[in-house]
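Asks: Below you will find the structure I want to go over with you.
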Amino acid sequence: MANRIPRVPVREQDPARRATNFEEVCYGYNDEEARLEASRCLNCKAPRCMGACPVHINIPAFVARVAAGDLAGAAAVIGADSSLPSVCGRVCPQENQCEGSCVLGIKSEPVAIGKLERYVGDWAIAHRDELPVSPAPRNGHKVAVIGSGPSGLACASDLARMGYEVKIFEALHKVGGVLVYGIPEFRLPKERIVAEEVKSVKDLGVEIETDVIVGRTLTVDDLLDREGYDAVFIGTGAGLPRFMGIEGENLNGVFSANEFLTRTNLMHAYDDSFDTPIYTGRKVVVVGGGNVAMDAVRTAKRLGAEAVIVYRRSEAELPARKEEVHHAKEEGIEFRMLTNPVRVVGDDKGWVKGIECVEMTLGEPDESGRRRPVEKEGSNFVIDCDVVVMALGTSPNPLIKSTTEGLQCNRKGCIEATEDGATSREGVFAGGDAVTGAATVILAMGAGRKAAAAIDSYIKSKPRQ
Amino acid sequence: MFEIVSRRDLSPNITEMKVKAPRVAQSAQPGQFVIVRVDELGERIPLTICDYDREKGTVTIVTQTIGISSAKINSLKQGDAFTDFAGPLGRPSDLLELPEEELKKQRVLFVAGGVGTAPVYPQAKWLKEHGVTADVIIGAKTKDIFTYVDEMRKVANVYLCTDDGSEGFHGMVTGLMKDLIERQGKQYDRCVIIGPMIMMKFAALATREYNIPTQVSLNALMVDGTGMCGACRVTVDGQTRFTCVDGPEFDGHKVDFDEAMRRQSMYRDNRKTHPETHNCKCHG
Numbered sequence: 059m060a061n062r063i064p065r066v067p068v069r070e071q072d073p074a075r076r077a078t079n080f081e082e083v084c085y086g087y088n089d090e091e092a093r094l095e096a097s098r099c100l101n102c103k104a105p106r107c108m109g110a111c112p113v114h115i116n117i118p119a120f121v122a123r124v125a126a127g128d129l130a131g132a133a134a135v136i137g138a139d140s141s142l143p144s145v146c147g148r149v150c151p152q153e154n155q156c157e158g159s160c161v162l163g164i165k166s167e168p169v170a171i172g173k174l175e176r177y178v179g180d181w182a183i184a185h186r187d188e189l190p191v192s193p194a195p196r197n198g199h200k201v202a203v204i205g206s207g208p209s210g211l212a213c214a215s216d217l218a219r220m221g222y223e224v225k226i227f228e229a230l231h232k233v234g235g236v237l238v239y240g241i242p243e244f245r246l247p248k249e250r251i252v253a254e255e256v257k258s259v260k261d262l263g264v265e266i267e268t269d270v271i272v273g274r275t276l277t278v279d280d281l282l283d284r285e286g287y288d289a290v291f292i293g294t295g296a297g298l299p300r301f302m303g304i305e306g307e308n309l310n311g312v313f314s315a316n317e318f319l320t321r322t323n324l325m326h327a328y329d330d331s332f333d334t335p336i337y338t339g340r341k342v343v344v345v346g347g348g349n350v351a352m353d354a355v356r357t358a359k360r361l362g363a364e365a366v367i368v369y370r371r372s373e374a375e376l377p378a379r380k381e382e383v384h385h386a387k388e389e390g391i392e393f394r395m396l397t398n399p400v401r402v403v404g405d406d407k408g409w410v411k412g413i414e415c416v417e418m419t420l421g422e423p424d425e426s427g428r429r430r431p432v433e434k435e436g437s438n439f440v441i442d443c444d445v446v447v448m449a450l451g452t453s454p455n456p457l458i459k460s461t462t463e464g465l466q467c468n469r470k471g472c473i474e475a476t477e478d479g480a481t482s483r484e485g486v487f488a489g490g491d492a493v494t495g496a497a498t499v500i501l502a503m504g505a506g507r508k509a510a511a512a513i514d515s516y517i518k519s520k521p522r523q
Numbered sequence: 031m032f033e034i035v036s037r038r039d040l041s042p043n044i045t046e047m048k049v050k051a052p053r054v055a056q057s058a059q060p061g062q063f064v065i066v067r068v069d070e071l072g073e074r075i076p077l078t079i080c081d082y083d084r085e086k087g088t089v090t091i092v093t094q095t096i097g098i099s100s101a102k103i104n105s106l107k108q109g110d111a112f113t114d115f116a117g118p119l120g121r122p123s124d125l126l127e128l129p130e131e132e133l134k135k136q137r138v139l140f141v142a143g144g145v146g147t148a149p150v151y152p153q154a155k156w157l158k159e160h161g162v163t164a165d166v167i168i169g170a171k172t173k174d175i176f177t178y179v180d181e182m183r184k185v186a187n188v189y190l191c192t193d194d195g196s197e198g199f200h201g202m203v204t205g206l207m208k209d210l211i212e213r214q215g216k217q218y219d220r221c222v223i224i225g226p227m228i229m230m231k232f233a234a235l236a237t238r239e240y241n242i243p244t245q246v247s248l249n250a251l252m253v254d255g256t257g258m259c260g261a262c263r264v265t266v267d268g269q270t271r272f273t274c275v276d277g278p279e280f281d282g283h284k285v286d287f288d289e290a291m292r293r294q295s296m297y298r299d300n301r302k303t304h305p306e307t308h309n310c311k312c313h314g
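Line by line, the protein sequences are chains A and B. Take 59 as the starting number for the first sequence in my numbering and just add one per residue. Take 31 as the starting number for the second sequence in my numbering and just add one per residue.
Structure below.
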């Protein structure tokens, strides 16, 4: 029986070595490994993995094609639902989605769907020249997409395939949004993967203009009225960092995870040939337990610092992907669980010299369903460190909301949009983290695609002028 | 790419450039800034907009050589180009929000120091266009390093002072301010101060004495300039604000200047810090 074959392990860079470089941790499957792993799939009649995929990729169909060695076929199956397979194969929380519901996982280990998706995506990038895409004939309508992250790229490529003239406006100097400023190189290679995925979107005829901050350089209304776009998609993500509001947070050496990661990823501060500096000192404490916290702490380690995670709940509640936590531990990251900062301690020059924390215990479950952390009175202690990185989550940037009249947002600052992305403003659609608050790449990509379909029917339903 | 259509030296280490950036020129307002990147390896550097020409599509910036990036900027020639020139960023000056009637009655004092003189210019010019002639104090260590004086004289009443007495009032901007108000009996409804942080701190302390509502334009460290990173955090009236989106202008009587100066010096001693080369003086 196929499921007698154990899950094929994926080759990874040695932990001690990779903790000193920014090269990708995971090497991915080769042809032989991928075919063997794909052969484990039972091809269930009612595949639970598909239902658990936020964009419902026909997983058994693509896996069967990998097993048969038909990689062009596999790429086409994934391509019907996802425009970023190489990215999602690397960064999706598969253990909670497709792989988490794989039948094989009940008695043994689930099919490595994520690693197979990555394998197919990377194959498609390497063989793109053999899979020519001819841009669809133009239908005479223009759509503006704000933000070049996962939702914007997905929305733009679908619209281009339908024949729309699409232009993406990006505020930063580089295309990719969180894929380039947030997720580190060692998890998602920028040139080899992100730039290639962007290139395939451009090949569809999508134009991209960088250095345009919608809300400042232009407004949404300028795009509709002055620049003649029939519709606008807002995919501006959740870029605004949160801080704890504790004493000492503005000391020199306290950074948001966004700043720490942007300096490293977008600005290449780890590479001496680039001008942007970054400061790590000898020891970095990262506050938080999500994927961004893991990215920041592993980045600090690679920059040569001793690196510690401080999280107020226990390991079971860590919101980060299991794989990231596992990798972080392998790399020698220290985890201080049930620990909550109450104050950043500074020296007489105003630089960080430590972080005062209290011990926590877990009480009754709170509204999130997780047990509420409760402070142990009098348990205060100080962890000596030179740098503190706050990785406490992010919220949407208010710039577009504040410059677009009639665009409804909720009290968290997220744009209110229907399931298919329609907002309170006619012709204005939105999706991804700007609507949901910080979530995943695949959800953002799915939202971008749904909005593309909705924009198409909106424009088609408008009387021709 | 954003071409430099003209360039001139204002002083040995201060340069003025007009840059072709039609979108920025179209939307720019006094008080706002741009983020520039010289080349693919460069930092993102915030620079205050010093003038703009919507018809020609140009934006004027003035840069003083301080570190690697400003030296790179000032080494560019006419015809060269910035890899990136993004903006306008930040909130426009509060002056723009005043109702026309109230604006006309305003007696405005600008205090400019060093490279801060050029960013005062678009505000004074805007006021002039709206029927208000402001007073502008320009301070410098010595007369040879004055910049933008001729331009400013076309749009405002200019008062010069030098630390060494080589031109104008002998003394600092606070001394000249005192002279204007106490000896010459001038009265002001508001003051805008732009210049080195230490000058803004003391000039704002002085205007507080005179009860003149005061705005200062902060030049904090930034990375993205759009509210994403928080590098530009500043404490105003006990609250943490982001200079890039909540500023760059803040109530000068409520800014924690000591913190702002400390944060501005974050990378001064260790531009590229790795622990093995770590020589940060701040840790002894």
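For every residue, glycine included, the Cβ atom is placed at its ideal position computed from N, Cα and C. Note that the structure is predicted; figures quoted are calculated from it, not measured.
#1: Applying the criterion that 16 or more other CB atoms from any shown protein chain within 10 Å of the CB defines a buried residue, is G255 of chain B buried or exposed?
#2: Going by C-alpha distance, which of B:C259, B:K50, B:K231 and B:C80 is nearest K155 of chain B?
#3: Any beta carbon from chain B within less than 7 Å of E375 of chain A's own beta carbon?
#4: Taking the runs of the beta strand (DSSP E) that are 3 residues or longer, which of them lie wholly in the stretch 106-163 of chain B?
#5: Is the separation between the beta-carbon of A351 of chain A and that of A449 of chain A shorter than 7 Å?
#6: Taking only the alpha-carbon atoms, compute the straight-line gap between K302 of chain B and R74 of chain B and give it to the nearest angstrom.
#7: Any beta carbon of chain B sitting closer than 7 Å to that of D269 of chain A?
#8: Any C-beta of chain A sitting closer than 7 Å to the C-beta of M258 of chain B?
#9: How far does the beta strand (DSSP E) with Y189 of chain B in it reach, from first residue to last?
#10: Please state if the CB of T273 of chain B and the CB of A250 of chain B are separated by a distance shorter than 7 Å.
#11: What residue range is occupied by the uninterrupted alpha helix (DSSP H) comprising F287 of chain B?
#12: Put Y85 of chain A into one of helix, strand or coil per three-state DSSP.
#13: So which of B:T78, B:G225, B:D114 and B:K158 has the shortest CA-CA distance to L125 of chain B?
#14: Can you have a look at K520 of chain A and say buried or exposed, based on whether 16 or more other CB atoms are within 10 angstroms of its CB?
#15: For H200 of chain B, which beta-bridge partners are listed by DSSP?
#16: What are the boundary residues of the beta strand (DSSP E) that includes N398 of chain A?
#17: Taking 7 Å as the cut-off, decide whether the C-beta atoms of G293 of chain A and G506 of chain A are in contact.
#18: Could you tell me the alpha carbon to alpha carbon distance between A138 of chain A and A475 of chain A, rounded to whole angstroms?
#19: Using 10 angstroms around the beta-carbon of D353 of chain A, count the other beta-carbons present and answer buried if the total reaches 16, otherwise exposed.
#20: What separation, rounded to the nearest whole angstrom, lies between the Cα atoms of T338 of chain A and V446 of chain A?
#21: With C-beta atoms as the reference, is I242 of chain B less than 7 Å away from A142 of chain B?
#22: Who are G169 of chain B's beta bridge partners in DSSP?
#23: For Y297 of chain B, which residues in chain A fall below 8 Å Cβ to Cβ?
#24: Give me, in chain order, the residues of the same chain whose beta-carbon lies closer than 8 Å to that of E422 of chain A; leave out the 5 immediate sequence neighbours on both sides.
#25: Curious, which full-length beta strand (DSSP E) runs of at least 3 residues does the stretch 201-248 of chain B contain?
#26: Since D254 of chain B meets chain A, which of its residues come closer than 9 Å, beta carbon to beta carbon?
#27: What residues of chain B sit near G86 of chain A, judged by a beta carbon separation below 7 Å?
#28: Roughly how many whole angstroms lie between the Cα atoms of I441 of chain A and E414 of chain A?
#29: With burial defined as no fewer than 16 other Cβ atoms inside 10 Å of the residue's Cβ, what is the status of M31 of chain B: buried or exposed?
#30: I need the DSSP call for R429 of chain A, collapsed to helix, strand or coil.
#31: Does the beta-carbon of T88 of chain B have 16 or more other beta-carbons within 10 angstroms, so that it is buried, or is it exposed?
Replies: The answer reads as follows:
#1: Around the beta-carbon of G255 of chain B, 16 or more other beta-carbon atoms lie within 10 Å, marking it buried.
#2: Nearest neighbour of K155 of chain B by Cα position, chosen from B:C259, B:K50, B:K231 and B:C80, turns out to be B:C80.
#3: Chain B contact via Cβ: absent.
#4: As far as the stretch 106-163 of chain B is concerned, its whole beta strand (DSSP E) runs of at least 3 residues are 114-119 and 138-143.
#5: Using a Cβ distance threshold of 7 Å, A351 of chain A and A449 of chain A count as a contacting pair.
#6: Here the model assigns K302 of chain B a pLDDT of 45, short of 50, so the residue's position is not dependable, and the following value carries that caveat. In a straight line, the C-alpha of K302 of chain B is about 15 Å away from that of R74 of chain B.
#7: Yes, because at least one Cβ of chain B sits closer than 7 Å to the Cβ of D269 of chain A.
#8: So yes, M258 of chain B belongs to the interface.
#9: Segment N187 to T192, the beta strand (DSSP E) holding Y189 of chain B.
#10: The Cβ-Cβ distance between A250 of chain B and T273 of chain B falls below 7 Å.
#11: That run of the alpha helix (DSSP H) goes F287 to Q294.
#12: Coil.
#13: Looking at the Cα atoms, B:K158 is the closest of the given residues.
#14: Classification of K520 of chain A: exposed, given that the 10 Å Cβ count is below 16.
#15: Paired residue(s): B:T192.
#16: Run containing N398 of chain A: T397 to G404, per the beta strand (DSSP E) assignment.
#17: Closer than 7 Å, so yes.
#18: So the two alpha carbons sit approximately 24 Å from each other.
#19: If you draw a 10 Å sphere on the C-beta of D353 of chain A, you find 16 or more other C-beta atoms in it, and that means buried.
#20: Spanning the two alpha carbons is a distance of roughly 9 Å.
#21: No, these two residues do not count as a Cβ contact at 7 Å.
#22: DSSP output for G169 of chain B lists B:G143 and B:C191 as bridge partner(s).
#23: Correct list: P335 and Y337.
#24: Counting only residues of its own chain and dropping the five nearest sequence neighbours on each side, E422 of chain A has a CB closer than 8 Å to the CB of R429 and R430.
#25: With a minimum length of 3 residues, the unbroken runs of beta strand (DSSP E) contained wholly in the stretch 201-248 of chain B fall at 220-224 and 244-247.
#26: One finds A229, L230, Y239, G297, N316, E317, T320 and L324 in chain A with Cβ atoms closer than 9 Å to the Cβ of D254 of chain B, taken in chain order.
#27: By Cβ distance, chain B contributes nothing, its closest Cβ being about 28 Å from G86 of chain A, past 7 Å.
#28: Those two C-alpha atoms are separated by around 6 Å.
#29: By the neighbour-count definition (other C-beta atoms within 10 Å, threshold 16), M31 of chain B is an exposed residue.
#30: R429 of chain A: strand per DSSP, three-state reduction.
#31: Buried, because 16 or more other Cβ atoms sit within 10 Å of the Cβ of T88 of chain B.
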